[in-house]
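In what follows, a single structure is set out as structure tokens and then discussed.
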Amino acid sequence: LTNVDLNFGTVTTKEGEMPLSQTTFSAFLENPDRNVRKEAYTKFYDTFDETVLSLYPDFVCQFNALLSDEGKITPPIDGKLTTELRIYACVCMGIDNVTQIAELLFYSPSTIYNYRVRIKNSALGDRDTFEQRVRRIRG
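Per our numbering, the sequence shown starts with residue 1, numbered consecutively.
As structure tokens, this is what we get:
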């Protein structure tokens with residue numbers, strides 16, 4: 001997924017409406033206006049979450065079926081994903097390179113790596129095949 005694949009809408013700045021894309025997202029997050037940063041962050045991740053859940057409506061349930069009871073993830077808001085779920089949605093879609101996931105979701109590679117290790121430690125069954133099982137999740 002790239003900004004070519006997704007329409008993130010626009011962000012209201014003092015200069016007017018500006019298009020939000022993977023290219024402009026970083027600049028919006030560095031904007032001194034807190035409202036601009038919040039709007040960009042919210043629209044970017046809302047669009048990502050909506051897209052994933054439209055492709056894989058039962059993703060959260062199917063993903064949680066692969067985890068121990070203690071490791072299950074409940075999104076705080078229905079229709080939204082947590083960082084962990086976003087990372088593994090990428091894996092589900094075949095994007096499993098740490099650097100690619102980090103670039104797509106605007107996290108550092110070490111953050112992605114740490115989340116993946118923590119989730120794998122909660123996996124039912126063989127940790128070494130966990131991500132293969134995630135890739136088998138279907139919409």
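All C-beta atoms in this analysis are idealised placements derived from N, C-alpha and C, irrespective of residue type, glycine included.
Exercise. What residue does the beta strand (DSSP E) around P109 start on, and which one ends it?
Worked result: One-based indexing of the sequence shown puts residue 109 at position 109. Element bounds for P109: not the beta strand (DSSP E) but the alpha helix (DSSP H), 109-120.
Exercise. In this structure, what does DSSP give as the bridge partners for E39?
Worked result: Taking the sequence shown and counting its residues from 1, the one referred to as residue 39 is at position 39. The partner list for E39 (beta bridge, DSSP) is empty, contrary to what the question assumes.
Exercise. Whose C-alpha, out of K120, V98, A89, is nearest the C-alpha of R135?
Worked result: Along the sequence shown, read from residue 1 onward, the residue named residue 135 stands at position 135. The option with the nearest alpha carbon to R135 is A89.
Problem set entry | Reduced DSSP secondary structure (H/G/I, E/B, other) of A27 | Stepping through the sequence shown from its first residue, residue 27 is reached at position 27. In this structure, A27 counts as helix in the three-state DSSP scheme.
Problem set entry | Cβ pair R116, I95 closer than 8 Å | Numbered from its first residue, the sequence shown carries residue 116 at position 116. Numbered from its first residue, the sequence shown carries residue 95 at position 95. With a cutoff of 8 Å on beta-carbon distance, R116 and I95 are scored as not near each other.
Exercise. Under a Cβ-count criterion, where at least 16 other Cβ atoms within 10 Å of its own Cβ denotes burial, should A40 be classed as buried or exposed?
Worked result: Here residue 40 refers to the residue found at position 40 when the sequence shown is read from its first residue. With 16 or more Cβ atoms within 10 Å of its Cβ, A40 is classed as buried.
Exercise. Applying the criterion that 16 or more other CB atoms from any shown protein chain within 10 Å of the CB defines a buried residue, is L105 buried or exposed?
Worked result: In the sequence shown, the residue the question calls residue 105 occupies position 105. Classification of L105: buried, given that the 10 Å Cβ count is 16 or more.
Exercise. What's the C-alpha gap between S110 and T13?
Worked result: The residue labelled residue 110 in the question sits at position 110 within the sequence shown. The residue labelled residue 13 in the question sits at position 13 within the sequence shown. Computed Cα separation, rounded: 32 Å.
Problem set entry | Neighbourhood of I101 by C-beta, 7 Å cutoff - its chain only, sequence neighbours within 5 removed | Walking along the sequence shown from the start, residue 101 turns up at place 101. Cβ within range, chain order: I87, C90, I95, I112.
For this session: Report all residues from its chain with a CB closer than 7 Å to the CB of K80; omit the five preceding and five following residues, and keep chain order.
Result: Your numbering for residue 80 matches position 80 in the sequence shown. Excluding residues within five positions, the ones whose Cβ falls inside 7 Å are D49.
Problem set entry | Cβ shell of T83 (< 6 Å), same chain only, five flanking positions each side left out | For the purposes of this step, residue 83 is identified with residue 83 of the sequence shown, where counting begins at 1. Contacts found: none.
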